[in-house]
Amino acid sequence: MKTGVKEVSPSQQLLEQYTPGENFFFATHNHTLLTEGCALRVLTNGEVRDWKELAEQATEILRIQEQSTGKPCILVGAVPFDCNDPVQLYIPSSFRQAEGLTFTNETPQHELNLSDYTATPVPEPEVYQEGVTRLLEHIRQGRVNKAVLARSLQLVSDRPVDARALLHQLAAQNTSGYTFAVPLETKRISPPHDEHEALHQESGTTLLGASPELLVSKKGLEVISSPLAGSIPRSDDPEEDRKRAAGLMESVKDLHEHAFVTRAVAEALRPYCKQLEVPDRPSLVATETMWHLATTIRGELLSSDTSSLELAYALHPTPAICGTPTDEARELIKELEGFDRGYYSGTVGWCNAAGDGEWAVTIRCAEVGKRYIRLYAGAGIVEGSRPEDELRETSAKMGTFLKAIGFKNETETMVNKEGV
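According to the numbering used here, the sequence shown holds residues 1 to 420 in order.
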């Protein structure tokens with residue numbers, strides 16, 4: 001007999017119970033996690049020079065906490081792109097888990113109204129293309145083989161932004177990736193360079209996103225990484241969409257870019273592994289807005305004591321979001337981007353006392369404040385890249401978050417562009 005009560009799955013219940021600023025949320029196709037409170041916070045002041053030591057300390061803290069509380073504990077949070085910035089890692093007071101997040105017709109709907117706002121691209125599109133041109137010159141000179149140049153789009157609203165509704169939309173529209181929400185508590189020490197960075201530093205900010213990319217997962221002796229590199233925007237026309245996917249698989253430029261990333265990830269994991277399986281060719285991964293080249297790398301660890309957090313730090317930052325060689329690419333990013341990436345292109349996830357855990361690359365994301373949303377997207381620049389193509393790629397990547405807000409694409413946001 002029908003009672004009139006809407007039935008939702010345990011994973012949907014966790015999503016419904018999410019409250020911005022109070023909970024950490026992380027969902028994949030096979031696992032949903034919601035935490036409450038903060039029992040202990042991992043603090044870093046300035047640059048961390050020994051990530052292995054930090055990971056070992058975090059694992060030891062987890063074990064001590066489990067012994068003192070008599071219940072399982074986990075570490076959750078986010079690591080920024082720049083190692084000079086503070087990490088957001090902590091042991092929650094409690095956590096609940098469920099199966100992978102799925103949606104039914106009974107799933108509650110959450111409306112998001114962001115009608116009055118100003119939109120500001122940073123940098124301006126033409127400046128971004130100039131940056132790509134300058135970066136290509138550095139590539140031709142042999143300074144780097146690849147570097148990822150990112151840009152951001154900031155929407156400032158005249159009314160409060162509903163981060164909870166945003167998370168629901170992201171989760172519903174991106175069921176095959178890694179949907180996350182991280183409360184960001186630590187303010188930056190350095191003063192803001194402009195009003196937009198001042199907004200970016202306000203307290204009560206939430207990191208929201210729906211990443212398609214697994215940095216690393218570890219369970220027992222098994223380790224998996226699935227780097228993405230080489231992308232093309234999808235088309236609404238099915239035939240054109242198929243052509244774009246097929247073309248990506250044959251693109252010399254994109255296969256070249258992907259090879260840099262796959263090789264670097266394999267080299268970073270190899271010292272930890274008894275054996276490592278690296279496919280000869282990438283496969284295709286589809287999101288709502290993009291086609292990506294992906295390679296799933298699997299390995300057997302030498303020791304089950306190796307922490308997923310240690311593995312994440314060994315990989316971060318991969319050439320997929322930084323470049324190669326890493327140090328040179330990082331310097332060019334600082335020189336050419338002109339803004340602080342924050343937690344964009346970092347990593348987000350969880351780890352337990354046994355070292356098992358899962359960490360996603362922090363892409364297709366935004367930092368959400370009381371009245372603003374700051375989106376990020378980047379494109380990998382290699383020999384053969386064209387500035388106009390890379391601009392279109394970053395715009396398409398922003399589409400994941402923009403669709404969750406209610407925009408079809410970036411062009412729609414420019415109707416209310418600041419100063420227009």
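Backbone N, C-alpha and C fix where the C-beta goes; we use that ideal spot for every residue, glycine too.
Because the structure is a prediction, the values reported are computed rather than measured.
Helix, strand or coil at residue i [DSSP, three-state]
i      : result
Gln141 : coil
Lys334 : helix
Gln173 : helix
Gly355 : coil
Val132 : helix
Lys370 : coil
Arg242 : helix
Thr28  : coil
Ser11  : helix
Glu328 : helix
Ala396 : helix
Ala163 : helix
Cα-Cα separation between residue i and residue j, rounded to whole angstroms
i      : j      : result
Leu309 : Glu239 : 42 Å
Gln169 : Ile405 : 8 Å
Asn352 : Leu269 : 20 Å
Ser283 : Asp254 : 12 Å
Val132 : Leu214 : 27 Å
Tyr343 : Met249 : 30 Å
Ala229 : Glu56  : 30 Å
Pro80  : Leu34  : 21 Å
Gly307 : Gly369 : The amino acid at residue 307 is misidentified as Gly; the sequence shows Ser. Rounded to whole angstroms, Ser307 to Gly369 spans 32 Å at the Cα level.
Leu311 : Gly77  : 15 Å
Phe339 : Ser68  : 43 Å
Glu36  : Ala172 : 22 Å
Leu136 : Trp359 : 31 Å
Thr120 : Pro271 : 44 Å
Glu383 : Lys146 : 8 Å
Leu184 : Glu367 : 9 Å
N-terminal and C-terminal residue of the beta strand (DSSP E) that residue i is part of
i      : result
Pro121 : 117 to 122
Gly342 : Element bounds for Gly342: n/a, residue is neither H nor E.
Leu89  : 88 to 91
Tyr178 : 178 to 184
Phe407 : Premise fails: Phe407 is in no beta strand (DSSP E) and is neither H nor E.
Tyr18  : No beta strand (DSSP E) contains Tyr18, which DSSP labels as neither H nor E.
Ala78  : 74 to 79
Leu33  : 32 to 36
Leu101 : It is not in any beta strand (DSSP E) - Leu101 carries neither H nor E in the DSSP assignment.
Ile224 : 222 to 226
Cys273 : 273 to 277
Leu149 : 146 to 157
Run of the alpha helix (DSSP H) containing residue i, from where it starts to where it stops
i      : result
Phe260 : 252 to 269
Glu66  : 51 to 69
Ser314 : First, the residue type needs correcting, since residue 314 is Ala and not Ser in the sequence shown. 308 to 315 is the span of the alpha helix (DSSP H), which, as asked, contains Ala314.
Residue i, buried or exposed, once every other Cβ within 10 Å from all chains shown has been counted against 16
i      : result
Gln154 : buried
Arg140 : exposed
Gln17  : exposed
Lys334 : exposed
Ser304 : exposed
Ser345 : buried
Ile423 : Outside the displayed range of the chain (1 to 420) lies residue 423, so it cannot be described from this structure.
Leu302 : exposed
Asn23  : buried
Ser93  : exposed
Ala58  : buried
Val285 : buried
Ala428 : Residue 428 is absent from the model: the chain starts at 1 and stops at 420.
Thr179 : buried
Gly142 : exposed
Asn174 : buried
Thr19  : exposed
Pro86  : buried
Pro160 : exposed
Contact set for residue i: own chain, Cβ-Cβ below 6 Å, skip 5 residues either direction
i      : result
His316 : Thr347
Thr287 : Pro212
Trp51  : Tyr313
Glu195 : Confidence in Glu195 is poor, its pLDDT being 48 and thus under 50, which makes the residue's placement unreliable; the coordinate value appears in the next sentence. Excluding residues within five positions, none has a Cβ falling inside 6 Å.
Asp116 : Asp158
Ser225 : Val216, Val265, Ile297
Leu221 : Glu300, Leu301, Ser304
Sequence-distant residues of its chain with Cβ nearer than 7 Å to residue i (five each side left out)
i      : result
Val127 : none
Pro125 : Leu391
Cys73  : Leu62, Gln65, Glu66, Ile91, Ala353
Gln129 : Pro387, Glu388, Leu391
Ser190 : Since pLDDT at Ser190 reaches only 38, below the 50 mark, its modelled position is unreliable, and the value read off the structure follows with that caveat. Nothing listed; no residue qualifies.
Ser152 : Val122, Phe339, Arg374, Leu375, Tyr376
Arg330 : Cys322
Cβ shell of residue i (< 8 Å), same chain only, five flanking positions each side left out
i      : result
Ile321 : Phe81, Val148, Ser345, Val361, Ile363, Gly378
Arg134 : Leu336
Residue i CB to nearest heavy atom of the ligand FMN below 8 Å
i      : result
Ser395 : With respect to small molecules bound, the structure shown includes none, and the ligand FMN cannot be examined in it.
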